[in-house]
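Residue numbers (numbering that gives the first Met the number 0), protein chains in the order written: chain G, 0 to 233; chain V, 0 to 233.
Yeah, the Cβ is synthetic: ideal placement off N, Cα and C, and Gly gets one too.
This structure is a prediction, so every number in the text was calculated from the model and none was measured.
Scroll down for the structure; my scribbles are underneath it.
2 protein chains.
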Amino acid sequence: MMGPMTPPLARLAGLLADGTRATFCLALLDGRAWTAGELARYAGVAASTASEHLTLLVAGGLLAEEHQGRHRYVRLATPRVAELIEEISGYADAGSPAPHQSLRGAVASEAMARARTCYDHLAGRLGVRVTEAMSARGLLEAEAGFALTERGRAWLETEVGATLGGGRRPLVRACLDWTERRPHLAGAAGAALCRRLHERGWLVRIGTQRAVRVTPDGQAGLRDLLGLSPADLT
Amino acid sequence: MMGPMTPPLARLAGLLADGTRATFCLALLDGRAWTAGELARYAGVAASTASEHLTLLVAGGLLAEEHQGRHRYVRLATPRVAELIEEISGYADAGSPAPHQSLRGAVASEAMARARTCYDHLAGRLGVRVTEAMSARGLLEAEAGFALTERGRAWLETEVGATLGGGRRPLVRACLDWTERRPHLAGAAGAALCRRLHERGWLVRIGTQRAVRVTPDGQAGLRDLLGLSPADLT
DNA sequence: CGGAGGCTTCGGCGGGCACCGAAGGCATGG
DNA sequence: CCATGCCTTCGGTGCCCGCCGAAGCCTCCG
Numbered sequence: 000m001m002g003p004m005t006p007p008l009a010r011l012a013g014l015l016a017d018g019t020r021a022t023f024c025l026a027l028l029d030g031r032a033w034t035a036g037e038l039a040r041y042a043g044v045a046a047s048t049a050s051e052h053l054t055l056l057v058a059g060g061l062l063a064e065e066h067q068g069r070h071r072y073v074r075l076a077t078p079r080v081a082e083l084i085e086e087i088s089g090y091a092d093a094g095s096p097a098p099h100q101s102l103r104g105a106v107a108s109e110a111m112a113r114a115r116t117c118y119d120h121l122a123g124r125l126g127v128r129v130t131e132a133m134s135a136r137g138l139l140e141a142e143a144g145f146a147l148t149e150r151g152r153a154w155l156e157t158e159v160g161a162t163l164g165g166g167r168r169p170l171v172r173a174c175l176d177w178t179e180r181r182p183h184l185a186g187a188a189g190a191a192l193c194r195r196l197h198e199r200g201w202l203v204r205i206g207t208q209r210a211v212r213v214t215p216d217g218q219a220g221l222r223d224l225l226g227l228s229p230a231d232l233t
Numbered sequence: 000m001m002g003p004m005t006p007p008l009a010r011l012a013g014l015l016a017d018g019t020r021a022t023f024c025l026a027l028l029d030g031r032a033w034t035a036g037e038l039a040r041y042a043g044v045a046a047s048t049a050s051e052h053l054t055l056l057v058a059g060g061l062l063a064e065e066h067q068g069r070h071r072y073v074r075l076a077t078p079r080v081a082e083l084i085e086e087i088s089g090y091a092d093a094g095s096p097a098p099h100q101s102l103r104g105a106v107a108s109e110a111m112a113r114a115r116t117c118y119d120h121l122a123g124r125l126g127v128r129v130t131e132a133m134s135a136r137g138l139l140e141a142e143a144g145f146a147l148t149e150r151g152r153a154w155l156e157t158e159v160g161a162t163l164g165g166g167r168r169p170l171v172r173a174c175l176d177w178t179e180r181r182p183h184l185a186g187a188a189g190a191a192l193c194r195r196l197h198e199r200g201w202l203v204r205i206g207t208q209r210a211v212r213v214t215p216d217g218q219a220g221l222r223d224l225l226g227l228s229p230a231d232l233t
């Protein structure tokens, strides 16, 4: 089989159906560009194997590549791809408990559960708390759907200082948080908010993965902006 | 590889990575329960092959089965699964043009583009027109996100006669329509609306697939309810 | 109760593909 | 300019898995 009658759905799923390729995509969910070698070591495969996988993922439109000297940098092609992978992964993770055997692993997942990025927006407890605070303050309609209110748009542009360009990307999207089992803010607005928090130095990345930490400045800022207490941020 | 380190993402994607299994899932997007034999004939594989695929899909949580006598009825396990498959399929289809070689095929896809169901809600031109009309009448916030307004909720319950049970399912969700390239209303509200249109006899299914047709009663009803002209419904 | 129809299990086959190591291109840096 | 490092291409290998037909089970119906 796999003839010309193969649905596009199967072709796309086939790209993610391999353990190594899936590991690559999940690593790239941190929003940064990785080199081919980094991904190979991370996934534990030979450089040649990684190279072939990356070629497939690029040809399939999931990844974008950029050559710099002797390095091949690769990243998720578009925010849409990131959302897609988050979506599928979120559903898949929901059904399978992820046991952390080592202490080191437990500490790392605790940090991830506390605050992390989902490609370009906030997730984890921090992401959910921020979303809930926005909802409580009338900046976000989060009961019957997910939509930015007029006040929310103004707040983002003036208080936060985010620029909401009029691209084709949806402004607001609900992303289901698999640690909190509640939705958090994604889409262009979620990305702009997260970007501003980084720019202001309120948020810094921990280690080499997706986990982040709120700085003292960030604690003060988020308290003033959204009324978040330090307890919400740990 | 494919050892214990395989991410859940890859396992789930693997279920959809096979052409036959993907064909099954897409057929089941019509929201009905199919027998194993029907799916086998539809996909053009032996009954034994279909049986094995269905066992995998059920074990993977994508399908639910129900035995009635000597028939094995199978359907998508939850609305969430339907949304997931729509999401992936929508993205995959966007990149690959679907040429219709036969006249029969062209007529069928024309009917699909006009009006169809997406598992349990409206799609195609009809779905998008309904969504836009709801937005224009202040029943739905569709610019900065996707959320039902207060008026929209009341309208659904009184005018349409839909019951919005308080399940865990999100009330409103934006589903990107791949023929119109615009979002249409999904989620519990979209499903309730679609169900009521069927119950009122405003909408009937064409043939054995997902395409639907608006009845004369439906044309009058949708004009009164949402101001849709007959031109919007063809 | 016997035949027919739907479904599953089993064996066997074939193809696709993930993997590696070796060898070869480029870029960098001493 | 050679040495080093990063990446790719190329064979080769092994395994997984999708496919079928035959046989058997269960249910329904005449």
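Of the listed residues the options, nearest to residue i (C-alpha basis)
i: residue 191/G; options: 204/G, 109/G and 154/G; result: 154/G
i: residue 175/G; options: 217/G, 185/G, 61/G and 19/G; result: 185/G
i: residue 130/V; options: 119/V, 145/V and 118/V; result: 145/V
i: residue 195/G; options: 231/G, 157/G and 209/G; result: 157/G
i: residue 187/G; options: 164/G, 102/G and 208/G; result: 164/G
i: residue 49/G; options: 30/G, 24/G and 182/G; result: 24/G
i: residue 57/V; options: 21/V, 75/V and 134/V; result: 75/V
i: residue 208/G; options: 43/G, 9/G, 116/G and 7/G; result: 116/G
i: residue 33/V; options: 140/V, 95/V and 66/V; result: 66/V
i: residue 19/G; options: 55/G, 7/G, 9/G and 225/G; result: 55/G
i: residue 229/V; options: 180/V, 128/V, 41/V and 37/V; result: 128/V
i: residue 214/G; options: 226/G, 225/G and 201/G; result: 201/G
i: residue 162/G; options: 141/G, 37/G and 189/G; result: 189/G
i: residue 92/V; options: 203/G, 10/G and 205/G; result: 10/G
Under the three-state DSSP convention, the category residue i falls into
i: residue 76/V; result: coil
i: residue 2/V; result: With a pLDDT of 44 at residue 2/V, under the threshold of 50, the predicted position of this residue should be treated as unreliable, though the coordinate-derived value follows. Here residue 2/V sits in coil by DSSP.
i: residue 32/G; result: coil
i: residue 181/G; result: coil
i: residue 17/G; result: coil
i: residue 227/G; result: coil
i: residue 218/V; result: helix
i: residue 212/V; result: strand
i: residue 40/G; result: helix
CB contact check: residue i to chain G, cutoff 8 Å
i: residue 64/V; result: no
i: residue 1/V; result: Unreliable positioning characterises residue 1/V in this predicted model, as indicated by a pLDDT of 41, which lies under 50. The coordinate reading is nonetheless provided below. Judged by the 8 Å Cβ criterion, residue 1/V is in contact with chain G.
i: residue 120/V; result: no
i: residue 25/V; result: yes
i: residue 101/V; result: no
i: residue 8/V; result: yes
i: residue 95/V; result: yes
i: residue 140/V; result: yes
i: residue 90/V; result: yes
Within-8 Å CB hit, residue i to chain V
i: residue 87/G; result: yes
i: residue 29/G; result: no
i: residue 55/G; result: no
i: residue 51/G; result: no
i: residue 127/G; result: no
i: residue 156/G; result: no
i: residue 170/G; result: yes
i: residue 254/G; result: This structure gives no information on residue 254/G, because the portion of chain G shown stretches from 0 to 233.
i: residue 112/G; result: no
i: residue 17/G; result: yes
i: residue 133/G; result: no
i: residue 12/G; result: yes
Inside the stretch 90–122 of chain G only - beta strand (DSSP E) runs reaching at least 3 residues | Inside the stretch 90–122 of chain G, DSSP marks whole beta strand (DSSP E) runs of 3 or more residues at positions 115–117 and 120–122, from first to last along the chain.
Mind pulling the alpha helix (DSSP H) runs of 4 or more residues that sit fully within the stretch 113–168 of chain G?
-> 123–135 and 149–154
Counting Cβ pairs, one atom from each stretch, are 3 or more of them under 8 Å apart for the stretch 106–122 of chain G and the stretch 219–229 of chain G?
-> Touching, no, given that fewer than three Cβ pairs across the two stretches are closer than 8 Å.
Kindly confirm or deny that the stretch 60–80 of chain G and the stretch 26–33 of chain G touch, where touching means at least three C-beta pairs closer than 8 Å.
-> yes
Could you tell me whether the stretch 105–115 of chain G touches the stretch 134–149 of chain G, using the rule of 3 or more Cβ pairs below 8 Å?
-> no
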